[in-house]
Each structure stands twice: as structure tokens, then as C-alpha cells.
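Chemist: According to this note's numbering, the first sequence is numbered sequentially starting from 6.
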Amino acid sequence: MPTASQQAARMLSGVIQKPADELAAMLIRPPKPEMGDLGFPCFTLSKELKKAPPQIAQELASQLSAIEPFAEIKAVGPYVNFFLSTAAVVESSAKAVLADPDAWGTSSDGAGKTVVIDYSSPNIAKPLGVHHIRSTMIGSGLSRLYAACGYKVVTVNHLGDWGTNFGQLMVSYKRAEAENPNQSVDIDELLKLYIRFHADAENDESLEEEARGWFKKLEDGDAEAVRLWKIFVEESLKGLKKLYTRLNVSFDVYAGESFFNDKMEATVGRIEKAGLLEESEGAMVVDLETDGMPPCLIRKRDGATTYATRDLSAAEYRHSEYNFNKCLYVVANQQELHFRQVFRVLEKMGHDWAKGCEHVKFGMLSFGKGVFGEEKATGSTRKGHVVFLEDVIDKAVDAAKKIILENARDEEVTAGAETLAEQVGIGAVIFSEYLQRRQKDVVFTWEKALNLQGDSGPYLQYTHARLSSVLRKYGKALPAADAIDWSRLGTSLEKGVLMAIAEYPAAVSRATSENEPAVVADYLLGLCAEFNRMFTDKENHRIVTDDEALSQARAGLVEAVRLTLHNGLALLGLAAPERM
RNA sequence: GCGCCUGUAGCUCAGUUGGAUAGAGCACGGGAUUUCUAAUCCCGCGGUCAGAGGUUCGAGCCCUCUCAGGCGCGCCA
């Protein structure tokens, strides 16, 4: 079925000597709905026709007669504006949703393609801080977005489970164990050990040396070092997964850095074989001067590999294992140069597939005034300057619970307050990440984190609860979409809601192509605003009325909004409560 | 010094590939509930789109330069 733009372009093509696709590209959306749904600017024609744009618009409009999908075509200033008929809008919105709710917003754009998404990827052995929410939410949003577009998605958590910090932990643990033989190793205890190490190391430089020694032991396979490492990893993962579950986040694969320990030599061999490896200042590097970048360090002076080597190895592994078309790295801005280097080296190695690798970068999270004293601060786990993600979630859940109990309108809400508070509080935390485009830096404040009103997750969830509530009041099953008399809809508020519904699939595909889940969040806020505007106009837009046909059409509209919102919330990982 | 990112209302942000009078939320002031959920909605207030040039019939958007902030630039990851 041709889109409205294509149809408008075809009609224009009949009265202007220009190909329809060229005209379709010129169509724009008028700034206000009263002005029409599509607009054709006449400025460019002005030159060749030697007439004023408004005159051209008049003449064109008079030559066009409004036939479906348009109800009216008229000149407005220098534009020819097209007004869609309500019937046409219903076709691409309410009817489409109700016909197949699960398919609404999905596409087959990515059919047959695989995308690997590397996200969250925290350094373990310490709990997640709020800043981890960025990669975690952007990545999980993208994984659902790509799945909705028909891609096969493989999500990977590239855990930081290797490095000298484990040596530090071992030193700290050994010292603690000497004082207390029953020293625990749960996640909270590990953090204390970490902080303690850095506190102790300030006064005793030998500790750093000792930590490097322990890490060396770990690399050499020393039994005690390996035993401790395994315990640390296991305990960390336990805490981590608990939090992921609450956030509705999951991974297909946990392949941490240690996983590539035995794979890097082969990668270095391939780099060498490609003639890329050269010696520089005692280290082995790949020169990237012709690419305008500093050299990529492959092997340190002491022969050890680097994180670049590890990422090269991981990319090769991922490609051979999953044969991806795209491989996304949801990692902070800071690593931009690193990934540019890695991708370039992969290309130089002859890996054509490296073109499918993409760094999905995002801005930094810092702490606003009042979080750690009166100045802005960047997080430093070493100083104990962390806001734990779990604390943020818990506080948000508490705040939600308080409001739920204050506002509880019926027994069922009160009875389900615990579960609901968890859904709403976490919804607020998740959604706050989607409130701005990923490239923006974020300043964390408790006030923002705990906001449950305005542009927020709870606002969307509240709207969903309202929609559900009206449908309960309507109380009847809706017939098939074709059996509903949609012509009963037609007020400007109703049309606004229908138009908003119709835009959902485009929002999903744009969010995916731009790797920007925030587009969906933004869309949902707009959809809810449209609905709430209509819903609060109780005089003219009552849903349950004595006029059965009208009620049915409006209930159908409500259900279409609800399903769209439901699907959108699911994409972002938010629960869609039916009461609150 | 070089590279990447950001700069839009007091604050936090949108702005759909260059089109019409630049939009939301928060904050502030006013208003809406005898009837489907007020975590909502409506009205008002609020703008030199960082600045200067340029391209264009038309620029928040494209080009150049400047300014401000963030991040990065081999042996931490």
C-alpha cells in the first residue's frame, strides 16, 4: 500500500512536470495539525514558473481534487496542504494495531542479519555504580529494538574480570583474612576490600608491588591466586545478576576479558602475518600514522598484551562465532580513539567485516551539587565516591511506594503495592536514562533520579493504568477491527491520537537506525500527551456512553493506544501496570 | 598543540535529514474533579537557538572561523 506521501506526490506529479519520487522528497509536515498533515512548499517552482509561491500554491490546489486518502487539499500561503481523511488515518493506526498487536511496531528490516551488542561490561569485583546505568540501559534498549526490527541479536557482557585490580583485591583479602579467618567475600565485602587497599596503599607503596605480584601469580596459574580469583568472580556475578534481573536486563553471553587470555597469541600472530606489527620504544605496535592516529599498542615492553589486543581478539572471536553483520560496542565516549584504532587494525588485517563494527558512544555521568559535598564531582570508587545503582533503585522504589499508598484508590492497588512500587520505581530509574540522547553528558542528582512526575517512566505507566481502567469500565470485548464503525471518530483530539499511534513504527525504526532508544521514549511521551489531552476533555470525549457504536469506536481507539504504549514500554524494559 | 563530543527558555532536554509563528518537562503565577484514575489536563510567564561570517528564495539544522564546557592523545582498562 502506498504511503500518503507517495499518493500526494503522485497527484502533484499529474499537474507538475516532475517525477513523483522527487516531489515526495519535498513534502514536509506542517508545524501545526490544523494546517494539514502534509505540505508541499512551492518556493522552488517559483523560479521556473516565474510566479509567486502563494499563487503557484493556489493554482496547484485548484487543480487537485481531494480523493482518498485525503479529505481536503488547499493552499495555505506558499504551501499546498493535504489533510488526511480520518478513515485513512484509522487504517494506518487503530486498525493496524488491533489487527495484530504483537506485530505492531515490528519489521523485517533486519531479517537474516545478526547483530552482536556488547554492553554494560562492568569491571567486576565492585558493585555497579549509577554510571553503569548508561551502557546497561542503552544496550538493553538497543537489543530489544534490533530484535523488533527482525535482527538476530546476540548480547554480550564483556566483563572486566582480569587485571591488576584483582591482585589488589587479593592483597587486601589476605591482610583481612589474617585478622579474621572467616573473612567474607560477598559483593559488599569485596568493595570494602577494594577501598581498603587504596587507603592502605597511600601509606605503603609496597602494596602496589605486592598486588602486581599476585596478579602475576594469577597469570601464571598459581593455585591460590586462581582459587581466589574464581571466588571473587563468582561472588561478583551473583550480585550483578540480581541487579540485572531487577532492571529487566539479560545477556546471551558472559565472555569476560579472561575468556580471551588463551586466544590473544593467535591474534598477535595474525597481525604479524599481515605485516602490521612493528617494534617501537621496546613495545610492539601497529602504526596508524597514515590514518591520522597514534599507534595501536599490541604488546607492552614486558611482552604482556593490552586491552587493544584483547578487543581485537574478541572481535575476531565474535565474528567467527556469530558471523555478525553488525557489532555494536556500547561504551563511553572516552574510549573513542581506542575503538577507532581497533576497528582500523581489524581492517588492515584484511577483515572486511570490520566495517560492521560500530562504537555506540555516550556522554559522561558526573555528580551534581549535593551528592558529594557542594561541588560537582566525578565518581571515584577508590575514594568511596560512588552512588550505587542498587541504592538508587531502592530509594526510587521507596518513593514510589509512598505515593502509591497515598493515592491508592482501591484494595487491589494496596494489596499489590510492593510489586507495583518495584515496577514504578525501577521504571523511573530506567526511563531517566532514556530521557536524553546518549551523547549528552548527564549530571546525577537525587532530585532527578527520584522524579516520578512530568516526563518520566511513571507518567507513561500511569497513562497505561488509566487506559486499562477505562477499558475495564467499558467492560465489553471489542469486535474485530473491521467490525468497528471508525467513522464515529473524527474530532481533532481523536485524530491527534490516531496520528500519534500511526507514528509508532517510524519511531521504532528511527531509534534503531540511529542507535538511539531515547527516540522511542520521546515518542511515548508524545503519545501519552495526546491521549491524556483527549481523556481529560470529559465533556466531549467520554469513552463509555449510551451511544454504543460511539463507545465501541472510542474503546477501540483506547485499546490501540494501550497496545502501542504497552509495546513501547516493553521495548524500553518498563512494566506496564494495569492499576496504580 | 591535535582529535572527538556538547552548546536551544532560569534548570533538564526535543527539534523527523534546509521550510510556515522554535516546542516539551521542571520551577513560577493562575485555573479544571457531583460522571471513565488529578502521578493528569488547560492558560500564563519565559528565547540574540554561544558568537561572527558564508551558501540558499529560505538556516537551530549545511560550510568556515572564534568562544565556552566535557573527553581523549603507547606500556591502566
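Beta carbons: idealized from backbone N, C-alpha and C, even for Gly.
Quick caveat, the model's predicted, so the values are computed rather than measured.
(1) Is the region 473-487 touching the region 517-525, taking contact as three or more C-beta pairs under 8 Å?
(2) Can you give me the start and stop residues for the beta strand (DSSP E) that Met16 sits inside?
(3) With a threshold of 16 other CB atoms inside 10 Å of the CB of Ile122, please say whether the residue is buried or exposed.
(4) Do three or more CB pairs link the region 52-63 to the region 80-100 at distances below 8 Å?
(5) Specify, as a first and last residue, the run of the alpha helix (DSSP H) that Asn170 falls within.
(6) Taking the beta carbon of Phe237 as the centre, do at least 16 other beta carbons fall within 10 Å, making it buried, or is it exposed?
(7) Less than 7 Å between the C-beta atoms of Leu69 and Met31, yes or no?
(8) Please report the distance separating the alpha-carbon of Gly274 from that of Gln340.
(9) Comparing C-alpha positions only, which one of Gly480, Gln444 and Gly561 sits nearest to Val524?
(10) Ignore the nearest five residues each way along the sequence and tell me which others in Phe48's own chain have a CB closer than 7 Å to its CB.
(11) So which of Asp227, Val176, Glu184 and Leu282 has the shortest CA-CA distance to Ala204?
(12) Who are the Cβ neighbours of Gly261 in its own chain at under 6 Å, not counting the five residues just before and after it?
(13) Below 8 Å, how does it come out for the region 460-476 and the region 498-510: are there three or more Cβ pairs, yes or no?
(14) Write down the C-beta distance between Ala426 and Val402 rounded to the nearest angstrom, noting that I regard them as a contact closer than 8 Å.
(15) Could you name the residues of the same chain whose beta carbon sits closer than 6 Å to that of Glu215, not counting the 5 residues immediately before and after it, in chain order?
(16) Using a Cβ-Cβ cut-off of 6 Å (strictly less than) and excluding sequence neighbours within five positions of Leu529, which residues of its own chain qualify?
(17) Would you tell me roughly how many angstroms separate the C-alpha atoms of Asn253 and Ile200, rounded to the nearest one?
(18) Can you round the beta-carbon distance between Asp257 and Val161 to whole angstroms, since I take them to be within the 8 Å contact cut?
(19) Given this structure, state the Cα-to-Cα distance separating Ser514 from Arg217, to the nearest angstrom.
(20) According to the neighbour-count rule (16 or more other Cβ atoms, all chains shown, within 10 Å of its Cβ), is Asn456 buried or exposed?
(21) Use the C-beta contact count for Pro186: other C-beta atoms within 10 angstroms, 16 or more gives buried, fewer gives exposed.
(22) According to DSSP, simplified to helix, strand and coil, what is Cys533?
(23) What ranges does the alpha helix (DSSP H) occupy inside the region 424-478, keeping only unbroken runs of at least 4 residues that lie completely in it?
(24) Mind checking who Arg304 pairs with in its DSSP beta bridge?
(25) Would you list, in sequence order, the uninterrupted alpha helix (DSSP H) runs of no fewer than 4 residues that lie entirely inside the region 200-282?
(26) For Asp123, which of helix, strand or coil comes out of DSSP?
(27) Tell me whether the beta-carbon of Lys131 lies closer than 7 Å to the beta-carbon of Leu196.
(28) Note down the Cα distance separating Ala230 from Gly110, rounded to an integer number of angstroms.
(29) So is Lys360 buried or exposed if we call it buried at 16+ other beta carbons inside 10 Å?
(30) Can you tell me which of Ala93, Ala62 and Ser67 puts its alpha carbon nearest to the alpha carbon of Ser10?
(31) By the 10 Å Cβ neighbour count, where 16 or more other Cβ atoms means buried, how is Gln458 classified, buried or exposed?
(32) Quick one: residues in its chain with C-beta nearer than 6 Å to the C-beta of Gln173, no 5 flanking neighbours on either side, listed in chain order?
(33) Could you round the C-beta distance between Met298 and Ala337 to whole angstroms and report it? I think they count as a contact, below 8 Å.
(34) In the DSSP assignment, find the unbroken alpha helix (DSSP H) run with Thr569 in it and report its ends.
(35) If you measure between the beta carbons of Tyr439 and Leu577, is that distance less than 7 Å?
(36) Would Arg477 be called buried (16 or more neighbouring beta carbons within 10 Å of its own) or exposed?
Modeler: Judging by the given coordinates:
(1) Output reads no: the region 517-525 does not touch the region 473-487.
(2) The count along the first sequence starts at 1 and reaches residue 16 at position 11. Counting along the chain, Met16 sits inside no beta strand (DSSP E); it lies in the alpha helix (DSSP H) bounded by residues Ala9 to Val20.
(3) For the purposes of this step, residue 122 is identified with residue 117 of the first sequence, where counting begins at 1. Counting Cβ neighbours within 10 Å, Ile122 comes out buried, since at least 16 surround it.
(4) Contact check between the region 52-63 and the region 80-100: three or more CB pairs, one atom from each, fall below 8 Å, which counts as touching.
(5) As a working note, residue 170 is residue 165 in the first sequence. In this chain, the alpha helix (DSSP H) harbouring Asn170 covers Thr169 to Glu184.
(6) Position 232 of the first sequence, counting from 1, holds the residue named residue 237. With a threshold of 16 other beta carbon atoms within 10 Å, Phe237 meets it and is buried.
(7) Here residue 69 refers to the residue found at position 64 when the first sequence is read from its first residue. Here residue 31 refers to the residue found at position 26 when the first sequence is read from its first residue. 7 Å or more divides the Cβ of Leu69 from the Cβ of Met31.
(8) On the first sequence, residue 274 is found 269 positions in, with the first residue counted as 1. On the first sequence, residue 340 is found 335 positions in, with the first residue counted as 1. Looking at the two C-alpha atoms, the distance is approximately 25 Å.
(9) Counting from one through the first sequence, the residue named residue 524 turns up at place 519. Closest option to Val524, Cα to Cα, is Gln444.
(10) Here residue 48 corresponds to residue number 43 of the first sequence, with the count starting at 1. Pro58 and Pro83.
(11) For the purposes of this step, residue 204 is taken as the residue at position 199 of the first sequence. The shortest Cα separation from Ala204 among Asp227, Val176, Glu184 and Leu282 belongs to Val176.
(12) Taking the first sequence and counting its residues from 1, the one referred to as residue 261 is at position 256. Scanning its chain for C-beta atoms nearer than 6 Å, with the 5 sequence neighbours on each side dropped, one finds around Gly261 the residues Leu164 and Asp166, in chain order.
(13) At 8 Å Cβ cutoff, the stretches do not touch.
(14) For this step, residue 426 is matched to residue 421 along the first sequence. For this step, residue 402 is matched to residue 397 along the first sequence. Right, their Cβ atoms sit about 5 Å apart.
(15) In the first sequence, residue 215 corresponds to position 210, counting from 1. Sequence-distant Cβ neighbours of Glu215 in its own chain, meaning closer than 6 Å and more than five residues away, are Val176.
(16) As a working note, residue 529 is residue 524 in the first sequence. Correct list, in chain order: Leu465 and Gly573.
(17) Taking the first sequence and counting its residues from 1, one reaches residue 253 at position 248. Taking the first sequence and counting its residues from 1, one reaches residue 200 at position 195. Rounded to the nearest angstrom, the two C-alpha atoms are 29 Å apart.
(18) What you label residue 257 is simply residue 252 of the first sequence in a count that begins at 1. What you label residue 161 is simply residue 156 of the first sequence in a count that begins at 1. The beta-carbon separation of Asp257 and Val161, rounded to 7 Å, stays under the 8 Å limit for a contact.
(19) Here the question's residue 514 lines up with position 509 in the first sequence. Here the question's residue 217 lines up with position 212 in the first sequence. Roughly 48 Å between the two C-alpha positions.
(20) Translated into positions along the first sequence, residue 456 becomes position 451. Looking at its Cβ environment, which holds 16 or more other Cβ atoms inside 10 Å, Asn456 is buried.
(21) Here residue 186 refers to the residue found at position 181 of the first sequence. When all chains shown are included, Pro186 counts as exposed.
(22) On the first sequence, residue 533 is found 528 positions in, with the first residue counted as 1. Helix.
(23) Segments of the alpha helix (DSSP H) lying fully in the region 424-478: 451-454.
(24) Looking up residue 304 in the first sequence gives position 299. Looking at the DSSP assignment, Arg304 forms a beta bridge with Met289 and Thr310.
(25) Runs found: 211-224, 228-251 and 269-278.
(26) The count along the first sequence starts at 1 and reaches residue 123 at position 118. Reduced to three states, the DSSP call for Asp123 is strand.
(27) Taking the first residue of the first sequence as position 1, residue 131 is located at position 126. Taking the first residue of the first sequence as position 1, residue 196 is located at position 191. If you check the CB distance, Lys131 and Leu196 come in under 7 Å.
(28) In the first sequence, the residue the question calls residue 230 occupies position 225. In the first sequence, the residue the question calls residue 110 occupies position 105. Cα to Cα, the separation comes out at about 51 Å.
(29) To locate residue 360, count along the first sequence from 1; it is residue 355. Label assigned to Lys360: exposed.
(30) Taking the first residue of the first sequence as position 1, residue 10 is located at position 5. Minimum Cα distance to Ser10 is reached at Ala93.
(31) Translated into the one-based positions of the first sequence, residue 458 becomes position 453. That one is exposed.
(32) Translated into positions along the first sequence, residue 173 becomes position 168. Non-local beta-carbon contacts of Gln173 in its own chain, meaning distances under 6 Å to residues more than five positions away in sequence, involve Phe202 and Ala216 in chain order.
(33) Translated into the one-based positions of the first sequence, residue 298 becomes position 293. Translated into the one-based positions of the first sequence, residue 337 becomes position 332. Met298 to Ala337, Cβ: 19 Å. No contact.
(34) Within the first sequence, residue 569 is the residue found at index 564, counting from 1. Glu553 to Leu577 is the extent of the alpha helix (DSSP H) around Thr569.
(35) Here residue 439 refers to the residue found at position 434 when the first sequence is read from its first residue. Here residue 577 refers to the residue found at position 572 when the first sequence is read from its first residue. Result yes, Cβ atoms of Tyr439 and Leu577 sit closer than 7 Å.
(36) Mapped onto the first sequence, residue 477 falls at position 472. Exposed: under 16 other Cβ atoms inside 10 Å.
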